[in-house]
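When you line the sequence shown up against numbering that gives the first Met the number 0, it's residues 0 to 627, in that order.
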Amino acid sequence: MKKVICIISLLLCTLLAMGQVNKENAKRAQQLQADDSYICGLGHGNTLRQASNNALGALASQISTRVESSFDYLLQQETKGQEVKSTAQVNNIIKTYSHTTLRNTTELVIEDEPNATVLRYIKKSELDKIFEQRKMKVMEYASNAERYERDGKVADALSSYYAALALLRSLPDGSELKIRLGFSGEQLLMPLISKNVNDILNNITLKTESMEDDGDERTILLNVLYKGKPAVNFNYTYYNGNNRSDVCSAKDGTGDITIPSNLSLGKLDIHAEYICEDEANYDRELREVIDNTAAVPFRTARLKLEKDKGIQAKCAVTNEARAIVASATLSVASTAMESTAKLEAIPSTLQGQEVSPYLATMQKVELAIRQKNYASIKDCFTPEGYMMFDKLIHYGKAKLLRAPVLTFQNGDDDIVCRSFPMSFSFSGNHRTFVEDVVFHLSKEGKITELAFGLNKPAVDDIMQRGAWSEEARRVMINFLESYKTAYALKRLDYISSIFSNDALIITGSIVKSTGNKEVGPTNLKHVKYTRQTKAQYMKSLKACFASNEYVNIHFADNIIRRSASNPNIYGIQIKQDYYSSSYGDTGYLFLLIDFANTKLPIIHVRTWQPDKDPTIRDGRIGMQDFQL
Numbered sequence: 000m001k002k003v004i005c006i007i008s009l010l011l012c013t014l015l016a017m018g019q020v021n022k023e024n025a026k027r028a029q030q031l032q033a034d035d036s037y038i039c040g041l042g043h044g045n046t047l048r049q050a051s052n053n054a055l056g057a058l059a060s061q062i063s064t065r066v067e068s069s070f071d072y073l074l075q076q077e078t079k080g081q082e083v084k085s086t087a088q089v090n091n092i093i094k095t096y097s098h099t100t101l102r103n104t105t106e107l108v109i110e111d112e113p114n115a116t117v118l119r120y121i122k123k124s125e126l127d128k129i130f131e132q133r134k135m136k137v138m139e140y141a142s143n144a145e146r147y148e149r150d151g152k153v154a155d156a157l158s159s160y161y162a163a164l165a166l167l168r169s170l171p172d173g174s175e176l177k178i179r180l181g182f183s184g185e186q187l188l189m190p191l192i193s194k195n196v197n198d199i200l201n202n203i204t205l206k207t208e209s210m211e212d213d214g215d216e217r218t219i220l221l222n223v224l225y226k227g228k229p230a231v232n233f234n235y236t237y238y239n240g241n242n243r244s245d246v247c248s249a250k251d252g253t254g255d256i257t258i259p260s261n262l263s264l265g266k267l268d269i270h271a272e273y274i275c276e277d278e279a280n281y282d283r284e285l286r287e288v289i290d291n292t293a294a295v296p297f298r299t300a301r302l303k304l305e306k307d308k309g310i311q312a313k314c315a316v317t318n319e320a321r322a323i324v325a326s327a328t329l330s331v332a333s334t335a336m337e338s339t340a341k342l343e344a345i346p347s348t349l350q351g352q353e354v355s356p357y358l359a360t361m362q363k364v365e366l367a368i369r370q371k372n373y374a375s376i377k378d379c380f381t382p383e384g385y386m387m388f389d390k391l392i393h394y395g396k397a398k399l400l401r402a403p404v405l406t407f408q409n410g411d412d413d414i415v416c417r418s419f420p421m422s423f424s425f426s427g428n429h430r431t432f433v434e435d436v437v438f439h440l441s442k443e444g445k446i447t448e449l450a451f452g453l454n455k456p457a458v459d460d461i462m463q464r465g466a467w468s469e470e471a472r473r474v475m476i477n478f479l480e481s482y483k484t485a486y487a488l489k490r491l492d493y494i495s496s497i498f499s500n501d502a503l504i505i506t507g508s509i510v511k512s513t514g515n516k517e518v519g520p521t522n523l524k525h526v527k528y529t530r531q532t533k534a535q536y537m538k539s540l541k542a543c544f545a546s547n548e549y550v551n552i553h554f555a556d557n558i559i560r561r562s563a564s565n566p567n568i569y570g571i572q573i574k575q576d577y578y579s580s581s582y583g584d585t586g587y588l589f590l591l592i593d594f595a596n597t598k599l600p601i602i603h604v605r606t607w608q609p610d611k612d613p614t615i616r617d618g619r620i621g622m623q624d625f626q627l
């Protein structure tokens, strides 16, 4: 009985204390709402979460009223002089901050559940800080876009410029924000973005390289040029006779269009894709801004296809025969394409008749892909090689874009053949990817593995490392291509094999010391992190592969450094765009790799940053942050 009385007394004391707290918070809330130096939002709900969200909405409305006049210029532009309810539009824009900086405003619980009441408040003097984070993101997108433009990465430049523009239009006084890009002086950012986007679009040239008919379907191979050079990447859509196509991605100047064979080329209506849908899919803040602001149209996005009158549609079978005969007469020296020119820096010992057996194998592969008779070439592969080929062919709808122009390089114990330009589309999704497929053959002429090749800038960067040995450059290219391909083809066995058992796998922000047996960080003890063991990472990756129709990885802005203390250790910093059918993100990957065994490099550290961190050098984790 005494025990029951004690429990009841304790509960009563707790309730009385809670009541006292609620009274004090209610009194504090009244004071804040009456204080002109604060902006407040009051919210009610059945739960504290609901009440807090409603309070955020109310706070956003109050902020909207105070900054509405700063949006006048943007609203006039957006509506082209039409009368609008500007308050409602500005309120929608301000609500896009609810999941970012507004979440960091002070919260006061006035009443607990089930009749929850919450007050969110901020000092008026702190109002500008709400917008600072977004301003920084605008500047980063714009700076990245300018760099992508210089490098011929048209798709990346357009989407980054548009992301910057969309976020800029969500800022009070966004029309007054200035930036310094390249060697130019400080300029107003909004008109500068519009100018640069139009300049890019006006410098894109689309040419018909070839046409091939297969039944009622015609495939047009595109030559995509930016300022007269092959565009590293480019996204576009077109009218296919019924509706607009899915988003297609050209790579290293090569893209394709599939239409009914009887459709006039004059009706294609090709549009450059510039709205940053991929970025918005993994950036919630950007997604909300795009959904709550009107799209900015660029008339220059409509492009004209230049067709050579001498190019006529060929029957697929006839083209196959022509391609194979033509290929048989090519020498290694004469087959190099612009997209792989730098790879010729790797000496080849294959001359004359030495190349014949490997060329014959690749001709069989080409014909089988065109005829979709894959079983006929099973004897051209090792068992593992054919398993990879089978996964590649079933990686969406696979299609060979043109007769391959081949180069062969002599490796340590294999022959590397580049490259087969192929496109991959997916029935359940809205993307088409173009990839250069690279084949590895044994000295006996059997295909042992294949990979999606790196784009030309990435290859060039590695090949220009004159201080590295030829073997080191070759191994680095092969490794990055195999790594990228393993995710696309969902090769869990390979991914597992290249991570050491003690690998440090970091996801989320950055890392702190964890006592890793092999390699530990030295300078990152101050930041947040999420560490996974190898087993945890592989488990989550398996679930990701099972739930997605496709995975595709693009690499950009790679920085590779070799350890001064151990020449077998390399640090690789890469901007990685990760696409899948249900999820996408972008961020910065760092790999610390041991190439002591060049046949099986080992990753000791893998870190992932969704954003650059201003507190560390270059904003990216690197070799300098780890004790080797």
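Each residue gets a CB set at the ideal place from its N, CA and C atoms; glycine is no exception.
Small disclaimer: the values here were computed from a predicted structure and weren't measured.
- Within the same chain, and ignoring the five residues on either side of Phe380 in sequence, the residues whose Cβ sits closer than 7 Å to its Cβ are Phe388, Lys445, Ile446.
- A residue is called buried when at least 16 other Cβ atoms come within 10 angstroms of its Cβ; Glu365 meets this threshold and is buried.
- Here the segment 252-265 makes contact with the segment 206-219; the two share three or more CB pairs at distances below 8 Å.
- For the pair Leu166 and Val295, the CB atoms are not nearer than the 8 Å cut-off.
- Taking one beta carbon from each stretch, the segment 362-376 and the segment 384-401 have 3 or more pairs nearer than 8 Å; the two touch.
- Here the alpha carbons of His270 and Thr299 stand approximately 9 Å from one another.
- If one requires a minimum length of 4 residues, the alpha helix (DSSP H) runs lying completely within the segment 119-198 are 126-149, 153-167, in chain order.
- Between the alpha carbons of Glu272 and Tyr536 lies a distance of about 34 Å.
- Using a C-beta cut-off of 8 Å, the segment 218-238 makes no contact with the segment 170-189, since fewer than three inter-stretch Cβ pairs fall below that distance.
- About 6 Å separates the CB atoms of Leu188 and Ala141; that is less than 8 Å, so the two are in contact.
- By the Cβ test, the segment 545-559 is in contact with the segment 478-487, since at least three Cβ pairs between them sit closer than 8 Å.
- The residues Arg119, Ile121, in chain order, have a CB closer than 6 Å to that of Thr104 in the same chain once the five nearest residues on each side in sequence are set aside.
- Contiguous alpha helix (DSSP H) elements confined to the segment 360-422 occur at 382-392, taking only those with 4 or more residues.
- Cβ atoms of Ile558 and Gln572 come within 8 Å of each other, at about 4 Å.
- Each of Asn114, Lys123, Leu191, Asp172 was checked against the Cα of Ala144, and the nearest Cα belongs to Leu191.
- Contact check between the segment 107-119 and the segment 43-54: three or more CB pairs, one atom from each, fall below 8 Å, which counts as touching.
- With a threshold of 16 other beta carbon atoms within 10 Å, Glu175 falls short and is exposed.
- A distance below 7 Å between beta-carbons, with the five flanking residues on each side excluded, links Phe594 to the following residues of its chain, in chain order: Val474, Asn567, Tyr569, Pro600.
- The residue among Ala542, Tyr357, Asp460, Asp610 with its C-alpha nearest the C-alpha of His439 is Tyr357.
- Between the beta-carbon of Leu491 and that of Leu540 there is about 7 Å, and that keeps the pair under the 8 Å contact cut.
- If you draw a straight line from the Cα of Ser546 to the Cα of Ile310, it is about 43 Å long.
- Residue pairing by DSSP leaves Lys598 without any beta bridge partner.
- In the three-state scheme derived from DSSP, where H, G and I count as helix and E and B as strand, Cys543 is classed as helix.
- Note on His393: under 16 other CB atoms within 10 angstroms of its CB, so exposed under the neighbour-count rule.
- Boundaries for Ile310: no beta strand (DSSP E) harbours it, and the DSSP string shows neither H nor E there.
- Apart from the 5 residues on each side of it in sequence, Phe419 sits with its Cβ closer than 6 Å to the Cβ of Pro403, Val436 in its chain, given in chain order.
- In the three-state DSSP reduction, Ile274 falls in the coil class, being neither helix nor strand.
- Excluding residues up to 5 positions away in sequence, Gly42, His43, Gly44 lie with their Cβ nearer than 7 Å to the Cβ of Asn53 in the same chain.
- Each of Lys303, Leu200, Gly151 was checked against the Cα of Thr207, and the nearest Cα belongs to Lys303.
- In terms of CA proximity to Asp282, Thr585 leads the group Gln608, Thr585, Phe130.
- Taken through DSSP and simplified to helix, strand or coil, Tyr357 comes out as helix.
- The bridge partners DSSP lists for Val223 are Leu205.
- About 11 Å separates the beta carbon of Ile93 from that of Ala57, a gap too long to meet the 8 Å contact definition.
- About 6 Å separates the CB atoms of Ile256 and Leu221; that is less than 8 Å, so the two are in contact.
- Secondary structure note for Thr64: it is in no beta strand (DSSP E), and the uninterrupted alpha helix (DSSP H) holding it is 47-66.
- Here Ala28 really is in contact with Leu107; their C-beta atoms are around 6 Å apart, less than 8 Å.
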